[in-house]
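Residue numbers (my numbering): 3 to 325. Even glycine gets a Cβ: it sits at the ideal position worked out from N, Cα and C. Notes to accompany the following structure.
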Amino acid sequence: MKILVTGGAGYIGSVATEVLVEQGHDVLVFDNLQLGHREAVAEGAAFVQGDLANPADIESAIAGFKPEAVMHFAANSLVGESMTDPFKYLNDNVVNALNLLRAMDDHDVGKIIFSSTANLFADPEKMPIDEGERIVPGSPYGESKGIIERFLHWLSVTKGLRFACLRYFNAAGATEVHGEDHNPELHLIPIVLQVALGQRESVSIFGDDYPTPDGTCVRDYIHVRDLIDAHVLALKSLDEGNRTYNLGNGKGFSVLEVIEAARKITGHEIPVVMAPRRPGDPATLVASSERIREELGWDPKYAEIEQIIETAWAWHSKHPKGY
Ligand code: UDP
């Protein structure tokens, strides 16, 4: 298939591109390189530097490449940042997505895989969280993804667009060639590994008074490769109907448990410092992924937190300064 990947120079988009190329698809990466890295664009994919903020950029990329489907990764995805800069999220995640959707509509691109988030579930009634859970965004970031999810529904009703909304819990880990490289780094696992590499003195724990067994936040970590396998399955299944899936391993690990696992893997003591809660963080987020397992036969290969951290550690050890 011809697939346009927005944000294909970023963490998750780069792994998607790697896997799609490996499977023989014809891929065009569209990325403004503000957060992404040119070196992260997988070999074998075409690349165009463009910005979704400029409708003409995405319009001409789509007109020239004529994709059959889009995987839309380009977005801001920091809960904390969205609490201090909500307009950035309204603009980059909502207005820019509108520019993409309009260009797709103008050129009859009928399929999209949309990166959504567990931050839709700030006040879950049941844990693990399944797709029937009510949507209560935890931050402007979550809200920005929820708005597009709803709008995809209406574009499907009015225009026949086929979509998959994939709500990522905590993507982590690396392939042999692609890993996580943010500047500044704000995510737990890469920060912990930077401590192990001697690049930081310690890791701050954002809150130890949550209603969880050890007081620190519990998250469901899913390997980025498993996450992308879900994208490929979802794309293949769109002819039969739209899809909405929660994607996680179904097992929660606290911040302290993640750090303990990283200590074992790296052999580094990884000192910690207690810090205040980070606004917008729910106490516990664990996914039920029963629906995608049953409907599409999705079967994650990296179910253990140790396996996930090991792959991230291998990548960070090989790329201590990132790309
Ligand atoms: N976290 C932390 N210290 C850090 C970074 C993250 O305690 O330096 C916590 C954060 O509060 C959250 C969990 O680790 O409970 C995972 O955060 P991350 O930013 O990796 O992903 P998110 O859950 O925001 O998608």
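Residue nearest to residue i in terms of C-alpha spacing, selected from the options
i: Lys320; options: Arg202, Ala63, Gly181 and Val17; result: Gly181
i: Tyr212; options: Thr286, Ala124 and Leu298; result: Thr286
i: Gln36; options: Phe49, Asp53 and Glu20; result: Asp53
i: Val138; options: Ile149, Ser146 and Asp125; result: Asp125
i: Pro284; options: Arg221, Ile310 and Asp301; result: Arg221
i: Ala277; options: Thr214, Met85 and Thr218; result: Thr218
i: Asp301; options: Gly252, Pro186 and Arg280; result: Gly252
i: Arg280; options: Leu188, Asn95 and Leu240; result: Leu188
i: Asp228; options: Arg295, Ile207, Ser206 and Thr214; result: Arg295
i: Pro192; options: Ile64, Ile261 and Leu163; result: Ile261
i: Asn248; options: Ala289, Ala264 and Tyr223; result: Ala289
i: Phe67; options: Val7, Asp183 and Gly140; result: Val7
i: Leu92; options: Leu80, Ala63 and Pro142; result: Pro142
i: Gly299; options: Asp210, Leu30, Ala198 and Ser239; result: Ser239
i: Met73; options: Asn185, Phe32 and Gly254; result: Phe32
i: Gly140; options: Gly209, Ser84, Pro69 and Ile310; result: Ser84
i: Asn34; options: Ala55, Glu312 and Arg293; result: Ala55
i: Arg293; options: Asp210, Lys128 and Arg245; result: Arg245
Alpha carbon of residue i to alpha carbon of residue j, nearest angstrom
i: Phe116; j: Phe75; result: 7 Å
i: Val257; j: Phe165; result: 33 Å
i: Phe158; j: Met3; result: Before going further, note that residue 158 is Ser rather than Phe in the sequence given. Cα to Cα, Ser158 sits roughly 21 Å from Met3.
i: Gly243; j: Ala71; result: 14 Å
i: Cys167; j: Ala18; result: 15 Å
i: Val50; j: Pro215; result: 47 Å
i: Lys113; j: Ile5; result: 10 Å
i: Arg161; j: Asp94; result: With the sequence shown as reference, residue 161 is identified as Lys, and Arg is not the correct amino acid for it. Distance between the alpha carbons of Lys161 and Asp94 is about 24 Å.
i: Asp59; j: Gly15; result: 19 Å
i: Ile307; j: His318; result: 16 Å
i: Asp241; j: Leu163; result: 11 Å
i: Val275; j: Ile207; result: 6 Å
i: Ala263; j: Ile272; result: 11 Å
i: Val21; j: Ile230; result: 8 Å
i: Glu145; j: Thr86; result: 14 Å
i: Gly9; j: Ile149; result: 19 Å
i: Gln201; j: Leu80; result: 22 Å
i: Leu329; j: Lys147; result: Here the chain comprises residues numbered 3 to 325, so residue 329 is not present and cannot be evaluated.
i: Lys90; j: Ala47; result: 29 Å
i: Val226; j: Ser62; result: 30 Å
i: Glu151; j: Leu103; result: 12 Å
i: Val205; j: Leu190; result: 8 Å
i: Gly282; j: Glu178; result: 33 Å
i: Gly82; j: Val23; result: 34 Å
i: Arg40; j: Ser118; result: 24 Å
i: Val96; j: Ser291; result: 26 Å
i: Gly38; j: Pro88; result: 21 Å
i: Tyr13; j: Ala173; result: 9 Å
i: Glu203; j: His27; result: 43 Å
i: Arg136; j: Ile311; result: 31 Å
i: Asp210; j: Glu127; result: 22 Å
i: Val197; j: Trp156; result: 46 Å
i: Glu259; j: Asp183; result: 23 Å
Beta-carbon separation (whole angstroms), residue i vs residue j, contact threshold 8 Å
i: Gly175; j: Ala11; result: About 18 Å separates the two Cβ atoms, so there is no contact after all.
i: Arg169; j: Ala120; result: 6 Å
i: Ala42; j: Tyr325; result: 6 Å
i: Ile64; j: Val111; result: 6 Å
i: Gly250; j: Phe171; result: 3 Å
i: Phe255; j: Tyr223; result: 6 Å
i: Asn101; j: Pro57; result: 5 Å
i: Gly199; j: Pro322; result: In the sequence as displayed, the identity of residue 199 is Leu instead of Gly. Yes, Leu199 and Pro322 are in contact; Cβ-Cβ is about 5 Å, under 8 Å.
Within-8 Å CB hit, residue i to chain C
i: Trp156; result: Of the chains in the structure shown, none is chain C; there is only one protein chain.
* Hey, which unbroken runs of the beta strand (DSSP E) at 3 residues or more fall wholly within the segment 168 to 248? -> 172 to 174, 205 to 208 and 223 to 225
* Taking three-plus beta-carbon pairs below 8 Å as touching, is the segment 230 to 243 in contact with the segment 127 to 141? -> no
* Contact between the segment 96 to 113 and the segment 264 to 280 (3+ Cβ pairs under 8 Å) -> no
* Asked: What are the start and end residues of each continuous alpha helix (DSSP H) run of 4 or more residues lying completely inside the segment 18 to 94, in chain order?
  -> 57 to 67, 81 to 86 and 88 to 91
* To do: Quick one: which unbroken alpha helix (DSSP H) runs of 4-plus residues sit fully inside the segment 241 to 307? Chain order, please.
  => 257 to 268 and 292 to 298
* Every unbroken alpha helix (DSSP H) inside the segment 106 to 176 [4 residues or more] -> 142 to 161
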